[in-house]
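These protein sequence lines are chains Y and B, in that order. Each residue of the first sequence is one higher than the one before, counting from 1 in the numbering used here. Each residue of the second sequence is one higher than the one before, counting from 1 in the numbering used here. Right, one structure below, let's go through it.
Protein chains: 2
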Amino acid sequence: MEIALLGGTGDIGEGLALRWASDTNHTVIVGSREVERAEGKAEEYETELASRGREVTVEGLGNEDAAARADVVVAAVPAYHLTDTVESIADDLGEAILVSPAVGMKRDEDGFHYNRPGPGSVTQLAANAAPAGTPVVGAFHNLAAGRLANLDAELDWDTVVVGDDADAKATVCELAEGIEGLRALDGGPIANAAEVEGLTPLLINVARHNDGLHDLGVRFQ
Amino acid sequence: MEIALLGGTGDIGEGLALRWASDTNHTVIVGSREVERAEGKAEEYETELASRGREVTVEGLGNEDAAARADVVVAAVPAYHLTDTVESIADDLGEAILVSPAVGMKRDEDGFHYNRPGPGSVTQLAANAAPAGTPVVGAFHNLAAGRLANLDAELDWDTVVVGDDADAKATVCELAEGIEGLRALDGGPIANAAEVEGLTPLLINVARHNDGLHDLGVRFQ
């Protein structure tokens, strides 16, 4: 499968790109608004993977070209860029599945808090911005970017996947479970996305207040 | 220590009562609005514990008398009864710590959702209803009542503890960790309680949508 990571040059996008390229045979395409930045990062990821004996090609493309190539497009951009990003690639999506991992948060003196957008969730924002007929799936909201991008770190995490299209959700669950140490759980329809997104500020608050804990994810058990 | 479980006759209160009586040497007092109901449940718990070779006394009292006796009072009542319950025992709390495990949820056709109260969280509701000077701590929000009350079930869960009084929070963390298989994590001040409470509907949604998963809690890792 071909996976495009829009915003694949930083944060959660970097970790997903490295893990999929390392753990699966899917083709990973790094997308960015700036092609040169995407190319540079793709080369960086290839070097990192080669240093671990994993000789793979990671492509770097502009967001539109990346989206046009892919079967699955992950909009790994901050929540406040999500609508713009999805609209900018709307004509290129074809029959691809759009995946939203973004979470809106606000921070005050006490900690991080979920900043629920008007439509109910960030995943719903993505669905609203996507063309009619594009299946939208929420996933990868609760993965600590730092640990995800550190291929020396073993994962033992769950990711809760939400979506209204069962086939698209099944495809994303399969992609998620291609990453070693990651279990995909069905969270139901997009209407349940706020509870999934709202877990991320809790993970950050817990990491901030407990010595020895950082880069946290969760296991449901 | 003496622990009163208001609403200790059902749901999360039953599980906490059984676990503390089973795993620690704290005195457990079951509180209810109806004394007879509290006495009946306390006897039931004693019988259950005795059948496992654990000979302990569990007391059953009216809520006011239970609160007056205890060092720690857990308001294990539904969120919509919380304010009334706390107000009804306000004169009996003395120097006790008040613990709020309640979560407000609403259910629609898609799943369960966090029903955030006006003051920001259910824990904050408890703090608003408590007398000035009573330390209020939020804890035990994310424990599946069924598994907690089944002493045959081993736990491997975290509970996130929030509060504005560091000493009270430390006492509640210690109580929590007295339960085998339960780890207490500091979630910061009460202002962070909504994110903790909001995890409970996610646990229910995940359990409903995934075969083989039920009575879920979480580990942060």
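Note that the Cβ used here is the ideal one computed from N, Cα and C, for glycine as well. Computed from a prediction, not measured in an experiment: that's the story for all the values here.
Quiz item: Using a beta-carbon distance below 9 Å, is residue 148(B) in contact with chain Y?
Solution: no
Self-check item: Inter-residue spacing [alpha-carbon to alpha-carbon] between residue 66(Y) and residue 3(B)
Solution: 60 Å
Quiz item: Hey, quick one: how far does the alpha helix (DSSP H) through residue 24(Y) stretch, first residue to last?
Solution: Residue 24(Y) -> no alpha helix (DSSP H), and no H or E assigned at all.
Exercise. Report the residues of the stretch 6-38 of chain Y with a CB closer than 7 Å to any CB of chain B, ordered along the chain.
Key: none
Quiz item: Can you round the beta-carbon distance between residue 143(Y) and residue 161(Y) to whole angstroms, since I take them to be within the 8 Å contact cut?
Solution: The distance from the Cβ of residue 143(Y) to that of residue 161(Y) is about 12 Å, inconsistent with a contact at the 8 Å cut-off.
Quiz item: Using the beta-carbon of each residue, which ones in chain Y are nearer than 9 Å to residue 220(B)?
Solution: 202, 203, 206, 207, 210, 213, 216, 217, 218 and 219
Practice problem: State yes or no: is the beta carbon of residue 196(B) nearer than 9 Å to at least one beta carbon in chain Y? | Solution: yes
Quiz item: Taking Cβ to Cβ, would you say residue 158(Y) is nearer than 9 Å to residue 182(Y)?
Solution: yes
Exercise. Give every residue of the same chain whose Cβ lies closer than 6 Å to the Cβ of residue 148(Y), excluding the five residues on either side of it in the sequence, and list them in chain order.
Key: Once the five neighbours on either side are set aside, the close Cβ partners of residue 148(Y) are 15.
Quiz item: Skipping 5 residues on each side, what residues in its chain have a beta carbon closer than 7 Å to that of residue 194(B)?
Solution: 116, 120 and 121
Quiz prompt | Selected residue, minimal CA-CA separation from residue 77(Y), among 33(Y), 110(Y), 134(Y) and 216(Y) | solution = Nearest C-alpha to residue 77(Y): 33(Y).
Quiz item: Out of curiosity, what's the CA-to-CA distance linking residue 111(B) and residue 105(B)?
Solution: Their backbone Cα atoms lie some 10 Å apart in a straight line.
Quiz item: Can you find at least 3 beta carbon pairs, one from the stretch 48-64 of chain B and one from the stretch 210-219 of chain Y, that sit closer than 8 Å?
Solution: no
Exercise. Measure the beta-carbon distance from residue 12(B) to residue 101(B) and round it to whole angstroms, keeping in mind my assumption that it falls under 8 Å.
Key: 6 Å
Quiz item: So the beta strand (DSSP E) residue 154(Y) belongs to, where does it begin and stop?
Solution: Neither: residue 154(Y) is in no beta strand (DSSP E) and is coded neither H nor E.
Quiz item: Nearest to residue 80(B) by CA position, among 140(B), 28(B) and 118(B), is which residue?
Solution: 118(B)
Quiz item: In whole angstroms, what separates the C-alpha of residue 123(Y) from that of residue 123(B)?
Solution: 28 Å
Practice problem: Would you tell me roughly how many angstroms separate the C-alpha atoms of residue 206(Y) and residue 50(Y), rounded to the nearest one? | Solution: 35 Å
Quiz item: Which partner residues does residue 59(B) have in the DSSP bridge list?
Solution: Checking the DSSP bridge columns, you'll see residue 59(B) partnered with 29(B).
Quiz prompt | Outcome for residue 75(B) when other beta-carbon atoms lying within 10 angstroms are tallied against a minimum of 16 | solution = buried
Practice problem: List the residues of chain Y whose Cβ lies closer than 7 Å to the Cβ of residue 192(B), in chain order. | Solution: Chain-ordered, the chain Y residues with CB closer than 7 Å to the CB of residue 192(B) read 110, 111 and 205.
Exercise. Helix, strand or coil for residue 72(Y), going by three-state DSSP, please let me know.
Key: Here DSSP, grouped into helix, strand and coil, assigns residue 72(Y) to strand.
Quiz prompt | Endpoints, alpha helix (DSSP H) assigned at residue 167(Y) | solution = 166-177
Quiz prompt | Proximal residues to residue 83(Y) (C-beta, below 7 Å), its chain only, five neighbours per side dropped | solution = 125 and 129
Self-check item: Where residue 60(B) falls, given that 16 or more other Cβ within 10 Å makes a residue buried
Solution: buried
Quiz item: Between 17(B), 30(B), 85(B) and 6(B), which lies nearest to residue 179(B) when the distance is taken from Cα to Cα?
Solution: 17(B)
Quiz prompt | Cross-chain neighbours of residue 199(Y) in chain B, by beta carbon under 7 Å | solution = 199 and 202
Exercise. Confirm, please, whether the CB-CB distance from residue 140(B) to residue 218(Y) is below 9 Å.
Key: no
Practice problem: Note down, in chain order, all residues in the stretch 80-109 of chain B with a beta-carbon under 7 Å from any beta-carbon belonging to chain Y. | Solution: The residues in question: there are none.
Quiz item: When we look at the beta-carbon of residue 197(B) and count the other beta-carbons within 10 Å, is it buried (16 or more) or exposed?
Solution: buried
Practice problem: Kindly give me the distance between the Cβ atoms of residue 1(B) and residue 71(B), rounded to whole angstroms, as I take these residues to be in contact under 8 Å. | Solution: Contact flag correct, Cβ pair sits at about 5 Å.
Quiz prompt | Interface residues of chain Y facing residue 188(B) [CB-CB closer than 9 Å] | solution = 110, 111, 205, 206, 208 and 209
Self-check item: DSSP three-state assignment for residue 215(B), whether helix, strand or coil
Solution: coil
Quiz item: What are the boundary residues of the beta strand (DSSP E) that residue 138(B) is part of?
Solution: Residue range 136-138 is occupied by the beta strand (DSSP E) that includes residue 138(B).
Quiz item: So is residue 167(Y) in contact with chain A if we call contact Cβ pairs under 9 Å?
Solution: Annotation note: the requested chain A is absent from the structure, which comprises protein chains Y and B.
Quiz item: According to the neighbour-count rule (16 or more other Cβ atoms, all chains shown, within 10 Å of its Cβ), is residue 113(B) buried or exposed?
Solution: Its Cβ being crowded by 16 or more others within 10 Å, residue 113(B) is buried.
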